[in-house]
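**Q** Here's a structure for you.
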Amino acid sequence: MGAEIEHPALAGVSWPVIGVRVRREGLSLRAAFWPPAPQTVLVDVLLPCTRAELEGIARIAVGQSRARVYVRELGGGSPLLVLCLRGSPGAVRIEGPTFSLSEPLTAGARAAILGVAAVHRADGRVEEAQFWRVLARQILKARRSARRGRSVRTASAGLPSLGRC
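In terms of this note's numbering, the sequence shown opens at residue 8 and continues consecutively.
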């Protein structure tokens, strides 16, 4: 759906964050955790702004995927951290269950998606902005569905399932 935009946080735009506990060795990121862990510091980590990462994180947040969430340096000479999915360069897996923070993760992912839609709309890319708004609506619907017990985790007791979820 077109070229991805640069991360808005690099332009000084307010962007959704979520708390992650990280451990560093020198300047490099060593480990990351959702729950408290020894020798870690709680930091605000930005949500991504690319379509694939936001869709993946939203699916994890609403229980439609059992994939793991990772964190990495944002890049561009910035000391900021950003959530990402497996396979990103320099990514460190965030240890711990996501169910306790699914609400703020879902809300953050939805806010980030609406933020990307606003950037596209401001640049005159109406069709892309509409696509992102539809994606935000789908996340809202998926969250409601998960609350009614139709997520992967509740339908299959955490086991891979075939067919309906």
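All C-beta atoms, glycine included, are put in the ideal place defined by N, C-alpha and C. A quick note: this is a predicted structure, and the numbers were derived from the prediction, not measured.
Between which two residues does the beta strand (DSSP E) holding Arg73 run?
**A** Segment: none, Arg73 is in no beta strand (DSSP E) and carries neither H nor E.
**Q** Measuring alpha carbon to alpha carbon, tell me which of Val99, Glu135 and Arg128 ends up nearest Arg58.
**A** Answer by Cα proximity: Glu135.
**Q** Touching or not, the region 139–146 and the region 99–109, by the rule of three or more beta carbon pairs under 8 Å?
**A** Output reads no: the region 99–109 does not touch the region 139–146.
**Q** Ser109 lies in the beta strand (DSSP E); which residues open and close that run?
**A** Looking at the DSSP string, Ser109 is not in any beta strand (DSSP E); the run it does join, the alpha helix (DSSP H), is Ser109 to Ala129.
**Q** Skipping 5 residues on each side, what residues in its chain have a beta carbon closer than 8 Å to that of Thr113?
**A** Ala65, Ala68, Val69, Ile146 and Arg150.
**Q** Taking the straight line between their C-alpha atoms, what separation do you get for Val5 and Gly131?
**A** Since the first residue shown for the chain is 8 and the last is 172, residue 5 is missing from the structure and cannot be characterised.
**Q** Assign Glu13 to buried or exposed, taking buried as 16 or more other Cβ atoms, counted over all protein chains shown, within 10 Å of its Cβ.
**A** The residue in question, Glu13, is exposed, as its Cβ has fewer than 16 Cβ neighbours within 10 Å.
**Q** Note the first and the last residue of the continuous alpha helix (DSSP H) segment covering Ala16.
**A** Looking at the DSSP string, Ala16 is not in any alpha helix (DSSP H), and its letter there is neither H nor E.
**Q** For Ala98, count neighbouring C-beta atoms within 10 Å of its own C-beta (all shown protein chains included) and say buried if the count is 16 or more, exposed if not.
**A** Flag for Ala98 reads buried.
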